[in-house]
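Residue numbers (my numbering): 42 to 525.
Every residue, glycine too, gets a C-beta built ideally from N, C-alpha and C.
What follows is a single structure, written as structure tokens, with notes after it.
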Amino acid sequence: MRALFSAVCCFLLSFLAASAQNSPDCRTAIPVCADAPIMGTTDGSGDIDDFDPEVIIQTGCLEKGSNSSANIEHNTGWYVFRAGTDGQIGFDIEALPSPGGIITAEWDFAVYGPFDQTTGQNFCTIVGDGTAQPIRCNYETNDTGFTGIGINPVDGREGAPFVKQSQNTYDEWLNVTAGEIYYLYINNYNTNFDDDPESFILTFTGTSVDNDQDTALDCTLRDEFLGLDITACEGDPDIVLSALNTPVGSDIANVDWTVDYDDDGVIDATLSGTGPFGAELVVSSPNSGRYYAEITTASGTPPTVNDPGGILITFYGIPSLTVTILDDLVYSDQTDPYNVEFVPDGDGDYEYAINGGEFQDDPIFMDVPPGMNEVVINDKNGCGMSDPIPFLVVGYPKFFTPNGDGVHDNWNVYGIDQLSNPTVFIFDRYGKLLKQLDINAGWDGTFNGRDLPSSDYWFKLEYDRDDEGVLVARSVRRHFSLVR
Numbered sequence: 042m043r044a045l046f047s048a049v050c051c052f053l054l055s056f057l058a059a060s061a062q063n064s065p066d067c068r069t070a071i072p073v074c075a076d077a078p079i080m081g082t083t084d085g086s087g088d089i090d091d092f093d094p095e096v097i098i099q100t101g102c103l104e105k106g107s108n109s110s111a112n113i114e115h116n117t118g119w120y121v122f123r124a125g126t127d128g129q130i131g132f133d134i135e136a137l138p139s140p141g142g143i144i145t146a147e148w149d150f151a152v153y154g155p156f157d158q159t160t161g162q163n164f165c166t167i168v169g170d171g172t173a174q175p176i177r178c179n180y181e182t183n184d185t186g187f188t189g190i191g192i193n194p195v196d197g198r199e200g201a202p203f204v205k206q207s208q209n210t211y212d213e214w215l216n217v218t219a220g221e222i223y224y225l226y227i228n229n230y231n232t233n234f235d236d237d238p239e240s241f242i243l244t245f246t247g248t249s250v251d252n253d254q255d256t257a258l259d260c261t262l263r264d265e266f267l268g269l270d271i272t273a274c275e276g277d278p279d280i281v282l283s284a285l286n287t288p289v290g291s292d293i294a295n296v297d298w299t300v301d302y303d304d305d306g307v308i309d310a311t312l313s314g315t316g317p318f319g320a321e322l323v324v325s326s327p328n329s330g331r332y333y334a335e336i337t338t339a340s341g342t343p344p345t346v347n348d349p350g351g352i353l354i355t356f357y358g359i360p361s362l363t364v365t366i367l368d369d370l371v372y373s374d375q376t377d378p379y380n381v382e383f384v385p386d387g388d389g390d391y392e393y394a395i396n397g398g399e400f401q402d403d404p405i406f407m408d409v410p411p412g413m414n415e416v417v418i419n420d421k422n423g424c425g426m427s428d429p430i431p432f433l434v435v436g437y438p439k440f441f442t443p444n445g446d447g448v449h450d451n452w453n454v455y456g457i458d459q460l461s462n463p464t465v466f467i468f469d470r471y472g473k474l475l476k477q478l479d480i481n482a483g484w485d486g487t488f489n490g491r492d493l494p495s496s497d498y499w500f501k502l503e504y505d506r507d508d509e510g511v512l513v514a515r516s517v518r519r520h521f522s523l524v525r
């Protein structure tokens, strides 16, 4: 534990650093640590507008408050922290009085996680669309000026598990594992509708903090002052990066911004920041790249602060793809089963589904049915889903049912018009020729005007296949079933 004087100095630094800026958006959440209290404000609304129990999937956490209209994202602030050790973490959000000495703020919060940073997943997308639900939240009426996780320092009341409309402004402790990422959303309900920011003090608590406040949360996250890598969608609102989130706070003389658009280690451009010292950078879609901020301090100690890893911002568009037929009668000697690969145009995180089935991550589908099929590609970053894309697999069905219901009433080679010089002959099981097919009509299961019985029948398909520019005669003999 640091000496009292040192802690007070850190507190004053936090006060100066945080009172001038805020992140209203999950994507640019401010990295924080537990080594000193944090002075915060809420002065904006982000793009996650469905934090509402009437809209988002309802959970015990979201139903805890007695005033459902409080559960909105407006006049908010976002923070992100990484557990430094295994143990117990909580926090206090303390309302500060206005200049007139009156506390008018009504603080609420939600905690999302734990997230694994190594997965490369876009956490704020799954927070925004409701896939990731808060694991702790409280928007009950505050009667002590405090809300948070752990124990209310005013009345000693300990946070409890979900009890609907419990009116306890504290939630139960977080049991964390080192390396886990958590996002903290703080909302000022009383000023949601007039955009009047007010201040609070955020102090982390718990046994991990009691043991060592310098390691309870991973303070190296704060060195990544531009935040975690951001995945966004083309057409999303501008992303504002702030160099005010550094450990030096407002001790800034100048900020130099650069970008590596290809993320190949080569700086492509120098950019101009906005605001005091050029400390903010507006990044618009679709300018993907790794962005860096180099800060020259006003005090000269240290002379510069540079986030060596920068922040990678990637904008994804609505996905599209190319269909590659691996195995069918046109592209290989394989007649059954038929296999297809989908090659996406882009480098997003995609999943695929064919013919209304379940999505899968693997772009290769085995045993695809012959004939016309449809594929849908979905961007798991939340940037959209394609319309169904039709594709044809040239092959033959294993059965047909000529019962007049309009479904599988005729047998033919699907996509036969894609073959070169095709001819199809139908035989019974004894080798008797029953039909030379009309390519456009197929076979209706009759011979000389009489319905043939349910049985196995044989066919011979002759066609020419292009083999590296040379047409090679091919012949396929297989059987299929007539089912009545």
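Query, Result
"Could you give the DSSP three-state label for L262: helix, strand or coil?", "helix"
"Using the three-state DSSP reduction, which class does F400 fall into: helix, strand or coil?", "coil"
"Quick one: using the 10 Å Cβ neighbour count with 16 as the cut-off for buried, is K421 buried or exposed?", "buried"
"Taking C-beta to C-beta, are L282 and I293 nearer than 9 Å?", "no"
"One question on the structure: do C67 and Y224 come within less than 9 Å of each other, judged by their Cβ atoms?", "yes"
"Considering only the alpha carbon of each residue, which of D505, V454, L512, G472 lies closest to W484?", "V454"
"In chain order, what residues of the same chain have a beta carbon less than 8 Å from the beta carbon of E221, not counting five sequence neighbours either side?", "R123, A124, G154, P155, F156, D157"
"Have a look at G456 and N328 and give me their C-alpha separation to the nearest angstrom.", "43 Å"
"For the segment 366 to 424, list the beta strand (DSSP E) runs that are entirely contained and at least 3 residues long, ordered along the chain.", "380 to 385, 391 to 395, 412 to 420"
"Go ahead and pull the three-state DSSP assignment for A284.", "helix"
"From which residue to which residue does the alpha helix (DSSP H) around D251 run?", "248 to 252"
"Would you grab the beta carbon distance between V7 and T287 for me? Rounded to a whole angstrom, and I think it's under 8 Å.", "Residue numbering for the chain in the displayed model covers 42 to 525; residue 7 lies beyond these limits and cannot be assessed."
"Which residues in the same chain as V517 place their Cβ atom closer than 6 Å to its Cβ, once the five residues preceding and following it in sequence are excluded?", "T376, L502"
"Nearer than 8 Å: is that true of the beta carbon of E181 relative to any heavy atom of the ligand NAD?", "The model depicted lacks the ligand NAD and carries no ligand whatsoever."
"Can you list, in chain order, the residues of its chain whose CB lies under 6 Å from that of T272, leaving out five sequence neighbours each side?", "N163, T355, N422"
"By how many angstroms is the C-alpha of V121 removed from the C-alpha of V324?", "20 Å"
"Sorted by chain position, which residues of the same chain lie with C-beta nearer than 8 Å to V371's C-beta, five sequence neighbours on each side aside?", "V435, G456, Q459, L460, R506"
"Quick one: measure Cβ to Cβ for E239 and S139, integer angstroms, because I've assumed they're closer than 8 Å.", "7 Å"
"Could you give the residue range of the alpha helix (DSSP H) that holds I430?", "That residue, I430, is in no alpha helix (DSSP H); its beta strand (DSSP E) goes 430 to 434."
"Exposed or buried, S55, counting other C-beta atoms within 10 Å across all chains shown (16 or more means buried)?", "Below a pLDDT of 50, predicted positions are generally treated as unreliable, and S55, at 35, falls in that range; no measurement from the model is reported."
"Is the separation between the beta-carbon of Y393 and that of N414 shorter than 9 Å?", "no"
"Once DSSP output is grouped into helix, strand and coil, what is the label at P458?", "It is Asp, not Pro, that sits at residue 458 in the sequence shown. DSSP places D458 in helix when its eight states are reduced to three."
"Does the distance from the CB of G191 to the CB of N179 come in under 9 Å?", "no"
"Going by DSSP in three states, I176 sits in which element: helix, strand or coil?", "coil"
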